[in-house]
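Numbering (the working numbering), first residue to last: 657 to 964. The beta-carbon is built from N, C-alpha and C at its ideal position, and this holds for glycine as well. These numbers were taken from a predicted model, which means no experiment stands behind them.
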């Protein structure tokens, strides 16, 4: 009897094993949404040309891909949308969202693509920097700036260029400022991710000062007429910084303000270095030796990552 049961089970297994397999289907989970394809559309064709020559995709909508992944139990289509999330970071999502508006005017989108192609990407190449992608927007408001409108921010998967509605009317000086801001964000991110050790001496300048006042840090502290260190010293440059914390409307010499974060501090000095105005900067800050010291340290760091 046991032998018969064994033979039956064997036959069942063989029958199931020999049954015709269902054809394999592509899951769609390995789609590269950042790959740009050529198009008859003039804007998309221009973007494709930039992608072909640089490998950097440019988007003008945060939804960069849509895929039908079958149907649910109710028979309704399961649609997947790949989006550029400006509020996502490795540590999690930002509880204070960045907001933006998608550009509608095609001429402005073209202006943005041309600006990136001719003014930004060539500069990035000098430092061997390559953002994951660029996103063009009309407006951009970030929590880090106190929800002020800003020109650019760098996210985990994209770098945003905003203010397209006025980009083609900007003066050369204004365009240069936007370029410097984008470059500073990219260089700052690269240094923080791949060369954090180079910032040790930069931070030590501030650390030595705050240690003399028994403070845990000079970054992100409140400075006012009543608690400044030393008392009544209100100029932010005395504390080795070039600006107050983003989002505050006070001036660097006002009655009360907050000092910048380390990230903003690094970015501020990179902007100063990229302005390439050594004589002007040194003359304007001659009364603040610690500012000059940090400037020279940052200049050495920036020059060290520039392609020879």
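Could you give the DSSP three-state label for residue 878: helix, strand or coil? Residue numbering aside, residue 878 sits at position 222 when the chain shown is read from its first letter. Three-state result, residue 878: strand.
Which whole runs of the beta strand (DSSP E) in the stretch 786-869 are 3 residues long or more, in chain order? 790-792, 795-798, 808-810, 815-817
Entirely within the stretch 725-778 and at least 3 residues each: give me those beta strand (DSSP E) ranges in chain order. 733-739, 755-757
Leaving out the 5 sequence neighbours to the left and right, which residues in its chain are closer than 8 angstroms to residue 842 when beta-carbon positions are compared? Taking the chain shown and counting its residues from 1, one reaches residue 842 at position 186. Closer than 8 angstroms at Cβ, skipping near neighbours: 780, 783, 785, 787, 810, 815.
Cα separation between residue 939 and residue 945? Here residue 939 refers to the residue found at position 283 of the chain shown. Here residue 945 refers to the residue found at position 289 of the chain shown. Across the structure, residue 939 and residue 945 are spaced so that their CA atoms are roughly 11 angstroms apart.
So, for residue 961: in the same chain, excluding its five sequence neighbours on each side, which residues have a beta-carbon less than 8 angstroms away from its beta-carbon? Locating residue 961 in the chain shown gives position 305, where the first residue counts as 1. Closer than 8 angstroms at Cβ, skipping near neighbours: 783, 784, 843, 846, 847, 851.
List the residues that DSSP assigns as beta-bridge partners of residue 715. Working through the chain shown from its first residue, we reach residue 715 at position 59. Residue 715 pairs with 791.
How would you write the range of the alpha helix (DSSP H) that residue 710 sits in, first residue to last? Here residue 710 is taken as the residue at index 54 of the chain shown, counted from 1. Residue 710 -> alpha helix (DSSP H) spans 698-710.
Euclidean distance between Cα positions of residue 856 and residue 760: Residue 856 sits at position 200 when you count from the first residue of the chain shown. Residue 760 sits at position 104 when you count from the first residue of the chain shown. Going by the C-alpha atoms only, they are around 45 angstroms apart.
Please check the pair residue 858 and residue 953, which I expect to be a contact at CB under 8 angstroms, by giving their CB distance rounded to whole angstroms. Here residue 858 corresponds to residue number 202 of the chain shown, with the count starting at 1. Here residue 953 corresponds to residue number 297 of the chain shown, with the count starting at 1. Right, the Cβ-Cβ distance comes to about 5 angstroms (below 8 angstroms), so this counts as a contact.
In terms of residues, what are the limits of the alpha helix (DSSP H) holding residue 913? Residue 913 sits at position 257 when you count from the first residue of the chain shown. Unbroken run through residue 913 is the beta strand (DSSP E), 912-914; no alpha helix (DSSP H).
Straight-line Cα distance separating residue 792 from residue 747: Taking the first residue of the chain shown as position 1, residue 747 is located at position 91. Taking the first residue of the chain shown as position 1, residue 792 is located at position 136. The predicted position of residue 747 is uncertain, since its pLDDT is 48 and thus under 50; a value taken from the coordinates is nonetheless stated next. Near 25 angstroms, if we compare the C-alpha coordinates of residue 792 and residue 747.
Which of the three DSSP states is assigned to residue 958 in this structure? Start at 1 with the first residue of the chain shown, and residue 958 comes out as number 302. Helix at residue 958.
Sequence-distant residues of its chain with Cβ nearer than 6 angstroms to residue 824 (five each side left out): Counting from 1 along the chain shown, the entry for residue 824 is found at position 168. Only 767 meet the Cβ criterion.
Going by DSSP in three states, residue 900 sits in which element: helix, strand or coil? Residue 900 sits at position 244 when you count from the first residue of the chain shown. Three-state DSSP puts residue 900 in coil, outside helix and strand.
Taking residue 928 as the reference, which of 902, 913, 955 has the closest Cα? Here residue 928 is taken as the residue at index 272 of the chain shown, counted from 1. Nearest in C-alpha terms to residue 928, of all of 902, 913, 955, is 955.
Neighbourhood of residue 959 by C-beta distance below 7 angstroms, restricted to the same chain and skipping five residues each side: The residue you call residue 959 lines up with position 303 of the chain shown. So the list is empty, once near-sequence residues are dropped.
Give the straight-line distance between the Cα atoms of residue 867 and residue 942, rounded to the nearest whole angstrom. Here the question's residue 867 lines up with position 211 in the chain shown. Here the question's residue 942 lines up with position 286 in the chain shown. One C-alpha to the other measures close to 23 angstroms.
Using the C-alpha atoms, what's the distance from residue 933 back to residue 828? Sequence index remark: in the chain shown, residue 828 carries index 172 (1-based). Sequence index remark: in the chain shown, residue 933 carries index 277 (1-based). When rounded, the distance between both Cα atoms is 16 angstroms.
What does DSSP give as the partner residue(s) for residue 722 in the beta ladder? As a working note, residue 722 is residue 66 in the chain shown. In the DSSP output, where bridge partners are listed per residue, residue 722 has 737.
I need the straight-line Cα distance from residue 838 to residue 808, nearest angstrom please. Here residue 838 corresponds to residue number 182 of the chain shown, with the count starting at 1. Here residue 808 corresponds to residue number 152 of the chain shown, with the count starting at 1. Cα-Cα distance, rounded: 6 angstroms.
Check residue 951 in the structure and name its three-state DSSP category. Here residue 951 corresponds to residue number 295 of the chain shown, with the count starting at 1. Helix.
Same chain only: Cβ atoms within 6 angstroms of residue 719, ignoring 5 sequence neighbours per side: Within the chain shown, numbered from 1, the residue matching residue 719 stands at position 63. Taking C-beta separations shorter than 6 angstroms and ignoring five residues to either side along the sequence, the partners of residue 719 in its chain run 737, 739, following chain order.
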